Structures are given as C-alpha cells and as structure tokens.
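Data first, discussion second: the structure below is written as structure tokens.
Numbering (this note's numbering), first residue to last: 1288 to 1434.
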C-alpha cells in the first residue's frame, strides 16, 4: 500500500513538470522568434529559466510530502506488488518521450540555429528533473522487499 504514495508522487511530479516544460518552451520559442542581438536573446532566455525553476520547486512540494509519508509508513514486506511501479515507469517513459518530441518540434521550427545548443541543454535539464521522482519510486519499492 505504501508503494502507491511513491507512485502518486512520481506521476504528479512527471506530468506537472511536462506541462511546465511545454509552457516554458512556448515562451522560449517566442523569444527566439523575436530575434535581436545574440547576447540580448541569451539574456532573455536565461531570465526565462528563473520562473521555470521556481515553478518546478513549487510543484515538487506535494510529491515530496507524499515521499516522506511513504518512507514513514514503510515496512519490510515479503510480497510487494510491482503493478503500481509499472504505472510510474510507463508515465516516466511517456513524459521523457514527450519532452524529447517537444524539443524536436521546436528545433525543427527554428530558422535561427544559433540557439539549438541552448534548447538541447534545456531538454536534458528537464529530463533529469523529470526522472528524479520515478527513480525515488523505484528505489523505495525495491527497498520494501525483504531479502
């Protein structure tokens, strides 16, 4: 039963982070489309990262509380159901794929290739952020299984 806390935390975090990434990428795409001096565009892009990370921090409050509740109620079990973990892994893989797909569509629409490196690095940062809670769910579930 405790496994569901970790799974719920992973699903809330990954799906929420996907929405944050997509909305931020729309704004980033608009900034790049406006054009201008390369330094000015980079400054605008870096400014756009601050609200991105603040939104992530606010979003992670509920999943962190669920993880803490899950660890508080954890006890060793002989038989642990891995079906909930399957849900978390499927959502994780789906959101990582959608982040990659969003990045590729933005890159394909860009006529200015100067910022492709920034967009790719931004995608990898998001993939790392999205992966945190599913990994916590996997490790916590495997920890509950007694040897």
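Using N, Cα and C, we set each Cβ at its ideal position, and we do this for glycine too. Here the structure is a predicted model, which is why all the values come from computation and not from measurement.
**Local Cβ density within 10 Å of residue 1317, reported as buried at 16 or more and exposed below that** = exposed
**Contact check, residue 1332 vs residue 1405, beta carbons under 8 Å** = Cβ atoms of residue 1332 and residue 1405: closer than 8 Å.
**Item:** Straight-line Cα distance separating residue 1409 from residue 1367
**Value:** 37 Å
**Request:** Label residue 1297 either buried or exposed according to how many other C-beta atoms from any shown protein chain fall within 10 Å of its C-beta, with 16 as the threshold for buried.
**Result:** Flag for residue 1297 reads buried.
**Message:** Report the CB separation of residue 1382 from residue 1293 in whole angstroms; it is logged as a contact under 8 Å.
**Reply:** The Cβ separation is near 16 Å, so there is no contact.
**Prompt:** DSSP on residue 1335, reduced to helix/strand/coil?
**Reply:** helix
**Asked** In chain order, what residues of the same chain lie with their CB nearer than 8 Å to the CB of residue 1354, ignoring the 5 residues before and after it?
**Response** A distance below 8 Å between beta-carbons, with the five flanking residues on each side excluded, links residue 1354 to the following residues of its chain, in chain order: 1292, 1293, 1296, 1420, 1423 and 1427.
**Message:** Considering only the alpha carbon of each residue, which of 1388, 1309, 1288 and 1374 lies closest to residue 1336?
**Reply:** Closest option to residue 1336, judged by alpha-carbon separation, among 1388, 1309, 1288 and 1374: 1309.
**Item:** Buried/exposed call for residue 1307, threshold 16 Cβ in 10 Å
**Value:** buried
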